[in-house]
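Here's the structure, in structure tokens; my notes come after.
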Amino acid sequence: MKKIIAVLAAVFMFGTFTFAEGYICANDLEKGPITSEKSEEDGFVLYGSAEKAMEVKKCDTRTIGDDTITQAISTKGSGSVKKMERIITFPAKAGETIRIFCNNSGAGSRPLHLVNVDTKEEIKTIAAGSYKDDGPVHIDSTKVAANGTYGVFSTSGGMYIYKIEINK
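Quick note: the sequence shown uses my numbering, first residue 827, plus one each step.
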């Protein structure tokens, strides 16, 4: 019996270290305004203020794989890594892949910036299509080269961020 428990414990620990993934999903968050720094699981932090609020809000139902998305993190406008406004930050290690599921909240296409928060270096600009176009959720994958804190924000209006995943 002790051997079975030891084997199960080892399998669980191995699985946790091998398959541990960080993510934030708007469906898991409480609806409402974000008017201060708000820490979530897996090291994700949402930065809002009274002047530059973000919001978790109900959205049109979207399907991402097997997931049904009913809420979004709305940036409610432009943000900044320099001022740490309307930005979502999270840790990632070298070689991990950041997957961002998003649409912009207006018409046409708007940029979402993926940055290394520690260095302020822009890693990528993501052109996210509009949710109003009733198109699919925009999914972007980026493999990072260095350990650090990364973040996403818009510089041209609001974005709806449904989910961010960090995978090995």
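Heads up, the beta-carbon is just placed ideally off N, CA and C, and yes, glycines get one too.
Between Thr894 and the rest of its own chain, which residues show a CB-CB distance below 7 Å, the 5 nearest in sequence each way excluded? Thr887
According to DSSP, is Ala954 helix, strand or coil? It is a strand residue.
Between Thr896 and Thr945, what straight-line distance do the alpha-carbon atoms span, to the nearest angstrom? For Thr896 and Thr945, the distance between alpha carbons rounds to 34 Å.
Name the residue from Pro962, Lys902 and Ser967 whose alpha carbon lies nearest to the alpha carbon of Gly921. In this structure, Ser967 is the residue among Pro962, Lys902 and Ser967 with its C-alpha nearest to the C-alpha of Gly921.
Lys989 versus Gly858: straight-line alpha-carbon distance, rounded: 17 Å
Let's test the definition: count the other Cβ atoms within 10 Å of the Cβ of Ala971 and tell me whether it reaches 16, buried, or not, exposed. Label assigned to Ala971: exposed.
Pick out whichever of Ile850, Met880 and Gly869 has its Cα sitting closest to the Cα of Ile860. Met880
Quick check on the burial criterion: 16 or more other C-beta atoms within 10 angstroms. Buried or exposed for Ala835? In this prediction, Ala835 has a pLDDT of 40, which is less than 50 and means its spatial position is unreliable; nothing more can be read from the coordinates.
If you run the structure through DSSP and keep just helix, strand and coil, what is Gly848? Gly848 falls in the strand class under three-state DSSP.
Determine the direct distance from the alpha carbon of Ala933 to that of Asp892, and round the result to whole angstroms. Taken atom to atom, the span from the alpha-carbon of Asp892 to that of Ala933 is near 27 Å.
Secondary structure at Asp966, three-state DSSP: helix, strand or coil? Residue state, collapsed to three classes: strand.
The beta strand (DSSP E) with Met880 in it runs from where to where? Met880 to Ile890
Residue range of the beta strand (DSSP E) that Met985 falls in? Met985: member of the beta strand (DSSP E) spanning Met985 to Asn993, first to last residue.
Decide if Gly889 is buried, meaning its Cβ has at least 16 other Cβ atoms within 10 Å, or exposed. The displayed chain sequence assigns Thr, not Gly, to residue 889. By the 10 Å Cβ count, Thr889 comes out exposed.
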